[in-house]
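One line per chain: the protein sequences are E, W, X and H, in this order.
First residue of the first sequence? That's 1 in our numbering, and the numbers climb one at a time after it.
First residue of the second sequence? That's 1001 in our numbering, and the numbers climb one at a time after it.
First residue of the third sequence? That's 2001 in our numbering, and the numbers climb one at a time after it.
First residue of the fourth sequence? That's 3001 in our numbering, and the numbers climb one at a time after it.
Report on the structure given below.
4 protein chains.
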Amino acid sequence: MTDTEEMLETVPTGVPLSAADLAAAIDACLRCLQTCTTCANADLAEDDIAEMGVCARLCINCADVCDVTARLLSRPAQWDEFVVHRLLEACVRSCQNSAEECARHAHHHRHCAICEKVCRACAKACGDLLEDEAFEQLRKLAGA
Amino acid sequence: MTDTEEMLETVPTGVPLSAADLAAAIDACLRCLQTCTTCANADLAEDDIAEMGVCARLCINCADVCDVTARLLSRPAQWDEFVVHRLLEACVRSCQNSAEECARHAHHHRHCAICEKVCRACAKACGDLLEDEAFEQLRKLAGA
Amino acid sequence: MTDTEEMLETVPTGVPLSAADLAAAIDACLRCLQTCTTCANADLAEDDIAEMGVCARLCINCADVCDVTARLLSRPAQWDEFVVHRLLEACVRSCQNSAEECARHAHHHRHCAICEKVCRACAKACGDLLEDEAFEQLRKLAGA
Amino acid sequence: MTDTEEMLETVPTGVPLSAADLAAAIDACLRCLQTCTTCANADLAEDDIAEMGVCARLCINCADVCDVTARLLSRPAQWDEFVVHRLLEACVRSCQNSAEECARHAHHHRHCAICEKVCRACAKACGDLLEDEAFEQLRKLAGA
């Protein structure tokens, strides 16, 4: 059990979905915040910066969305199912956007190769959480 | 025209929806970030802290969601309609949650009275933006 | 009196320095967070992006430092003089860095001209706060 | 080598101090952001919330300072030695404050016991970085 999962287990109100899955999503968001922040910084120092503007812009956005998602997921004692659901959706999409753009540069920029991998892992962890039965009602409302 | 709107007008890609409405939503989010941050801090210093825990928890969440919403809205040159839409939805709900709880304490805590007002203004500004025709496709998909 | 100053006045512990100066610094930081965020976004969409990399990198840093400074300054009920002092120093420097780089591009990029102005105002507001007698002890320790 | 260290090694400008130490500090800040965020949330859901207000307030501040420190440290391509130094100092102090308060509650709140441990690790990692020779000039100026 990681520190994150152990912390979640201590919250007196309990956790509204699987603590292991929740911890995995939080840790994936924090990793992605780190990777996207450095990837954007490296993009802007590359000789081919003119090709890297989109990547930097996407990674900057992704870092911010991962940050707030990690923060909200870390507060199970004041859970608003709708807010968390919307943030997870925004996070999955932001990570997919960054991963796709990083993939285009992965062969010549090592930071993009790593960032693509970390973004995909974060999209997967947050996507898995969206499948939790806690969100079933919201999925029904969306006709999904 | 405010600094925010003037800044948005300078972005070379243009702004994907009304710059005035967008600037109003950004400024409302920044005001709400400030007010919620101080309201939560004050809650935890009140003699009746035992009654103020929910308010503090909601305002802490609201501040973080307003912060990321202001950041993403401030970056029109890399707009992902879906991400922005989901953040706006999360922001409207977070502001409503804080406003409703603050309303319960507004008669005896002045910070809650101000915070309620600012949260309602932010929910309104972000809700107005969600009505923009830029999001029509997403509204149709949701069957709304 | 602004909302920010009025909020600060409601905190039951009181405010450890001038509420008006404190509110001015908070509001300047929030304005600077907005301006720097949009300036960096616009930089990366300009045709001369190769010339704008340093500006984008500085403005991204400045936005983050202004954000955390606004947050900590907004919590007078748990003031750590040393932490606030160090953040203010980091904020003044970050704003100066962005202002100087933006000044180099102000004649051909309108976002840089506005951003320079807003960064200088934030450096001034935070610098004024550092002169408050609340920080006298820390100034003496630094031999300043 | 962790993802963080590997990312730092890819930045074209190089890293102005030991990449391993820098990565350790970044990862410690991200862990501390998580732990402090959940600790504050749990504090406000405890039956003895009246005793936990100081802990929550300190952990909320610590989370924000760790967040911005992790972000700035993750951007070696636009390093301002002075800004990084001041953030590291603010971060060490914030972590010490949280650790000391959490220690008072560690015997009866498991989240405080974990949070104390993680805060001390973060204070250590950031303190180690402050000892790097890159900051020698700043240490001399401070007469330390």
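No residue lacks a Cβ here, since even glycine has one placed at the ideal position from N, Cα and C.
{"Asked": "Residue from W:1005, W:1043 and W:1011 whose Cα sits closest to the Cα of residue 1106 of chain W", "Found": "W:1043"}
{"Asked": "Through-space distance from residue 1029 of chain W to residue 3138 of chain H, alpha-carbon basis", "Found": "37 Å"}
{"Asked": "Residue 2089 of chain X (DSSP reduced to helix, strand or coil)", "Found": "helix"}
{"Asked": "Within 9 Å, strictly: CB atoms of residue 88 of chain E and residue 1065 of chain W", "Found": "no"}
{"Asked": "Closest Cα partner of residue 1095 of chain W within the set W:1111, W:1084, W:1116 and W:1085", "Found": "W:1116"}
{"Asked": "is_contact[residue 3048 of chain H, chain X] using C-beta, thresh 9 Å", "Found": "no"}
{"Asked": "Chain X residues whose Cβ lies nearer than 7 Å to that of residue 1006 of chain W", "Found": "2114"}
{"Asked": "Member of W:1049, W:1006, W:1132 and W:1140 whose CA lies at the smallest distance from the CA of residue 1016 of chain W", "Found": "W:1132"}
{"Asked": "Alpha carbon of residue 3046 of chain H to alpha carbon of residue 12 of chain E, nearest angstrom", "Found": "6 Å"}
{"Asked": "Min CB distance residue 61 of chain E to chain W below 9 Å", "Found": "yes"}
{"Asked": "Among W:1010, W:1058, W:1021 and W:1006, nearest to residue 1129 of chain W - alpha-carbon criterion", "Found": "W:1021"}
{"Asked": "Proximal chain E residues relative to residue 3111 of chain H, where beta-carbon distance stays under 8 Å", "Found": "7, 10 and 11"}
{"Asked": "Nearest neighbour of residue 3032 of chain H, chosen from H:3125, H:3134, H:3141 and H:3136 [CA to CA]", "Found": "H:3125"}
{"Asked": "Close beta carbons around residue 135 of chain E, own chain, < 6 Å, minus the five adjacent residues each side", "Found": "85"}
{"Asked": "Cβ-based neighbour list, residue 14 of chain E, same chain, cut-off 8 Å, excluding 5 preceding and 5 following", "Found": "76"}
{"Asked": "Assigned exposure category for residue 2007 of chain X - 16 Cβ within 10 Å defines buried", "Found": "buried"}
{"Asked": "Rounded separation between residue 103 of chain E and residue 3005 of chain H - CA only", "Found": "20 Å"}
{"Asked": "Distance between beta carbons of residue 59 of chain E and residue 39 of chain E, contact taken as under 8 Å", "Found": "5 Å"}
{"Asked": "Straight-line Cα distance separating residue 3051 of chain H from residue 1082 of chain W", "Found": "43 Å"}
{"Asked": "Coil, strand or helix - residue 2014 of chain X by DSSP", "Found": "coil"}
{"Asked": "Cβ-based contacts, 8 Å cut-off: residues of the stretch 1011 to 1045 of chain W near chain H", "Found": "1040, 1041, 1044 and 1045"}
{"Asked": "Length at least 4, wholly inside the stretch 68 to 124 of chain E: the alpha helix (DSSP H) runs in chain order", "Found": "81 to 105"}
{"Asked": "Residue 2002 of chain X in three-state terms, based on DSSP", "Found": "coil"}
{"Asked": "Residue burial classification, residue 101 of chain E (beta-carbon count within 10 angstroms, cutoff 16)", "Found": "buried"}
{"Asked": "Where residue 2046 of chain X sits in the DSSP three-state scheme", "Found": "coil"}
{"Asked": "Members of the stretch 3086 to 3106 of chain H near chain X, C-beta cut-off 7 Å", "Found": "3086, 3087, 3089, 3090, 3093, 3094 and 3097"}
{"Asked": "Neighbour-count burial assignment, residue 3108 of chain H, 16 or more Cβ in a 10 Å radius", "Found": "exposed"}
{"Asked": "Residues from the stretch 1065 to 1089 of chain W in contact with chain X, defined by Cβ distance under 8 Å", "Found": "1067, 1070, 1071, 1074, 1075, 1076, 1077 and 1078"}
{"Asked": "Neighbour flag for residue 2120 of chain X against chain H, beta carbons, 9 Å", "Found": "no"}
{"Asked": "CB contact flag (residue 1074 of chain W, residue 2097 of chain X, <9 Å)", "Found": "no"}
{"Asked": "C-beta atoms of residue 3122 of chain H and residue 3019 of chain H nearer than 9 Å", "Found": "no"}
{"Asked": "CB contact check: residue 2056 of chain X to chain E, cutoff 9 Å", "Found": "yes"}
{"Asked": "Chain-ordered residues of the stretch 126 to 142 of chain E with a beta carbon less than 7 Å from chain W", "Found": "142"}
{"Asked": "Residues near residue 79 of chain E in its chain [Cβ-Cβ closer than 6 Å; skip 5 each side]", "Found": "16"}
{"Asked": "Alpha-carbon spacing of residue 119 of chain E relative to residue 34 of chain E, whole angstroms", "Found": "11 Å"}
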